[in-house]
Amino acid sequence: MPRRVTHGEAETDPRYLGRVTSVTTLCALGLAPVFFPVAGVTVAVWGAAMFFTVCGGICLLAAVFGVAVPVLRRAELRKPGAEPAPSESASTSESASPPAPAPPSESAPIER
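This note's numbering numbers the first residue of the sequence shown as 434 and each following residue consecutively.
This is how it looks when you write it as structure tokens:
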């Protein structure tokens with residue numbers, strides 16, 4: 434099983450892991466050629482100090498967002514193979530379904 438290193442990867446169904454990784458890579462690296470000219474024009478028009486001030490403000494807003502949103506603040510990685518924790522936003526149809534039967538314990542006798 435591949436090692437997952439980010440929360441987004443750990444919470445993704447393995448069937449969609451490649452797609453999630455592709456979108457993440459596109460956002461992180463693929464849009465750089467678009468943003469470099471924007472940064473150059475911004476520095477040319479308003480100066481480097483304004484550019485770095487705005488970049489710092491965006492980082493500060495992201496940090497405040499991460500602290501202010503309870504779901505992000507409580508996010509943590511699960512150990513490999515661990516069952517997902519019950520979601521607070523589980524739909525009523527999921528909670529109304531009967532529970533799955535528990536697997537037999539390893540110490541239970543085998544019926545023949």
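Where a beta carbon is used, it is the ideal one built from N, C-alpha and C, also for glycine.
No experiment lies behind these values; they were computed from the predicted model shown.
Nonlocal neighbours in the same chain, by C-beta distance under 6 Å from residue i, ignoring five residues either side
| i | result |
| --- | --- |
| residue 490 | none |
| residue 527 | Since pLDDT at residue 527 reaches only 49, below the 50 mark, its modelled position is unreliable, and the value read off the structure follows with that caveat. Taken in chain order, the list of residues that qualify is empty. |
| residue 445 | 453 |
Beta carbon of residue i nearer than 8 Å to that of residue j
| i | j | result |
| --- | --- | --- |
| residue 456 | residue 442 | no |
| residue 557 | residue 472 | As shown, the chain starts at 434 and ends at 545. That puts residue 557 outside it, with no answer to give. |
| residue 506 | residue 500 | yes |
Cβ shell of residue i (< 8 Å), same chain only, five flanking positions each side left out
| i | result |
| --- | --- |
| residue 523 | Since pLDDT at residue 523 reaches only 47, below the 50 mark, its modelled position is unreliable, and no value is offered. |
Own chain partners of residue i with C-beta closer than 7 Å, once the 5 adjacent residues on each side are dropped
| i | result |
| --- | --- |
| residue 450 | 442 |
Beta carbon proximity, residue i to chain C, threshold 8 Å
| i | result |
| --- | --- |
| residue 500 | Any reference to chain C falls outside this structure, which holds one protein chain only. |
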